[in-house]
Structure formats: C-alpha cells, structure tokens
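*Asks:* Below are the structure tokens for one structure; questions will follow.
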C-alpha cells in the first residue's frame, strides 16, 4: 500500500526542520529523495538517517551500512513509513508514533503565547523544554536558528517570566510543522500549540507526529492520523 501523501509531506517537513537545526549548528548532512543523512554525529534526539520516501529500502540500507561503518554500529534511523524493520540486524525499536495532519483554517486564538526572538529568551525556552522531559546537558538550539526564516519558536511565559509551555513551527512549501511541544503546567497543550502555530501561517495545514497521550489530544483537537513511523537505534548494528 502506498503511503498517504500527507504522511510524505510531514516526513519531508520534519527533514526541513532537521536541515535548519543542522545548519544552525554548522553540521554537515546530505539530503536525497530517499533520506536525510547526517554527515557526523547528530544532536541529541536526532537520527543519523531519516527516510523521506517509501520504496527505497536497498538504497536506505546502503546508507545505513556506510553510517554503521563510520560510527562503529552506534547509529539510529527514523523509519518514516514503517517499512524497514532491522531488529534482526542489531537495531532496537525505541518508540512508535503516528504522523498527524490538520487542514488549514482558523484555530483557537491564544493569549500569552509569543515568538522567541533573542538568545536569552531562547535559552530560557530551552531550559523549560528540557525540564518538561527532554533532558540533555548539550545546548540544543543555537541563537542562529532564530535567523532562519522558516523557523518560529513559540512559548508561553508564567507571571514570573519563565516559560511554561512551547513548541516549534517550521514552514515548508505546502505545510507548517508543529514539533517540540512541552508544558510545565496543566493545559490543553496540543490545542494551545495549534493556535500558536496557526497564527504563523493560517493558510497552511499543520503536520507533525505524536504518540500516547499527545496523539489522543491531537485527535481530539481535530488532527487526523495519516501513517505510522518508528524510531530505531543500535549500538552494534550489523548491515
């Protein structure tokens, strides 16, 4: 069965975000019709390879062979269409998720959400993102990312001035992606983030991926699932 075009759209939008993050950190990468491939060690939470189109299993496996040789088998990949299961070759399944899609159109207006526009605010936003469940000692989001025209970092502050919730919006040709959602308060995170993202480009559909409670919230907020993806990682991949 062919992939839903909306899932392919979401996978390529996700790769656009990868590109922006890699460029902001001065990291090398290669992007082909089949996959996005890191040129060196990727940042935390980012895969060495992300599949962008279905139907290229042998090409993708060759890329993974090269990566495995370069990094001693310690690599990960995002199987964007759940078509390449390599658990018998040294990979472990980290988690499964679903691509989500919301048609363009009005969303609930948000009060208190703002665009992150300076380096100090970005550091505060990232600190909250980490505290909400994405811990890493490495500084993830460089100030140069704020200069990327396709990227908008959004957050909601508490009365004390720290960030309580946030997300990243990234614009592609035919959609806008919603990712890196977090909240340190009790709120309708998906609904609030959707309103904030829609305010950036209300003329575009919103895409992303989610699992568990976040996926349930997305479905309640009007998103549709368009396909499944899986994240794999290996410490001694054999290809």
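Numbering (our numbering), first residue to last: 12 to 250.
C-beta: ideal position from N, C-alpha, C; glycine also.
Because the structure is a prediction, the values reported are computed rather than measured.
For the beta strand (DSSP E) that contains residue 186, what are its first and last residues?
*Replies:* For the purposes of this step, residue 186 is identified with residue 175 of the chain shown, where counting begins at 1. Segment: none, residue 186 is in no beta strand (DSSP E) and carries neither H nor E.
*Asks:* For residue 29, name the three-state secondary structure that DSSP assigns.
*Replies:* In the chain shown, the residue the question calls residue 29 occupies position 18. For residue 29, the three-state secondary structure derived from DSSP is helix.
*Asks:* Where do the ends of the alpha helix (DSSP H) carrying residue 208 lie?
*Replies:* As a position in the chain shown, residue 208 is number 197, starting the count at 1. Element bounds for residue 208: 200 to 211.
*Asks:* Need the endpoints of the alpha helix (DSSP H) that residue 76 sits in, please.
*Replies:* Counting from 1 along the chain shown, the entry for residue 76 is found at position 65. Note, residue 76: alpha helix (DSSP H), 68 to 81.
*Asks:* What does the Cβ neighbour count give for residue 106, buried or exposed, with the cut at 16 atoms within 10 Å?
*Replies:* As a first step, residue 106 must be located in the chain shown, where it is residue number 95. By the 10 Å Cβ count, residue 106 comes out exposed.
*Asks:* For residue 58 and residue 243, what's the separation of their Cα atoms in angstroms?
*Replies:* As a working mapping, residue 58 is identified with position 47 in the chain shown. As a working mapping, residue 243 is identified with position 232 in the chain shown. Spanning the two alpha carbons is a distance of roughly 9 Å.
*Asks:* DSSP three-state call for residue 109: helix, strand or coil?
*Replies:* Taking the first residue of the chain shown as 1, we reach residue 109 at position 98. Strand, per DSSP.
*Asks:* Whole-angstrom Cβ separation of residue 186 and residue 218, contact assumed at under 8 Å?
*Replies:* By 1-based counting over the chain shown, the position of residue 186 is 175. By 1-based counting over the chain shown, the position of residue 218 is 207. Cβ atoms of residue 186 and residue 218 come within 8 Å of each other, at about 5 Å.
*Asks:* Provide the residue(s) that pair with residue 219 in DSSP beta bridges, ordered along the chain.
*Replies:* As a first step, residue 219 must be located in the chain shown, where it is residue number 208. Residue pairing by DSSP places residue 219 opposite 111 in a beta bridge.
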